[in-house]
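Worksheet for the structure shown next.
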Amino acid sequence: MPAPREGTSRAGGSKRKRKEFDQEPYVLRNAILAEKNKIAEKMVEIMAEDRVVLQQDRKFRVHSWSPFHIAAVNHLKAVEENRMAFMSFSSDDDKISYLENMIGVKIYEVFSAAYARVRSTVL
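Under the UniProt record's numbering, think of the first position of the sequence shown as 1, with each following residue one higher.
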């Protein structure tokens, strides 16, 4: 049997079988990439700034437009890394501590100062 001529792609087997064999890795790769894209979309949705800020407002019972609230929202909206760090903490106390340390405003000091002002005007 003579060897295939140079410049031809005929190395053995039928063209149809080679085509089916060549497509199998691509089908598997496409399935893996599709699953990876779904996971990436979920992560983007989880880290969306609106969702993180909404979670911050709900969980900690932060008074809207208080100095702590404004500073926390600005911090979380600034950079995606801030949102990722905030979401990485599992407990609410850790999340509050993170925000207090990063923005330099204590949540309870703000409330106690406001309470002291109100109390002094009433008395």
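The beta-carbon is built from N, C-alpha and C at its ideal position, and this holds for glycine as well. Remember, predicted model here, so these are calculated numbers, not experimental data.
What separation, rounded to the nearest whole angstrom, lies between the Cα atoms of residue i and residue j?
i     : j      : result
Leu28 : Leu99  : 44 Å
Lys95 : Phe89  : 6 Å
Asn37 : Pro25  : 18 Å
Glu35 : Glu45  : 16 Å
Ile70 : Glu41  : 28 Å
Ser64 : Ile107 : 12 Å
Phe86 : Phe68  : 15 Å
Glu80 : Asp92  : 20 Å
Residues in the same chain with beta-carbon distance under 7 Å from residue i, minus the five sequence neighbours each way, listed in chain order, please.
i      : result
Met43  : none
Met102 : His75
Going by the beta-carbon positions, is the gap between residue i and residue j smaller than 9 Å?
i      : j     : result
Val105 : Ala72 : yes
When burial is assigned at 16 or more other CB atoms within 10 Å of the CB, is residue i buried or exposed?
i     : result
Leu33 : exposed
Asn82 : buried
Ile39 : exposed
Beta-carbon within less than 6 Å of residue i's beta-carbon, same chain only, minus the 5 sequence neighbours each way: which residues are those?
i     : result
Ser97 : none
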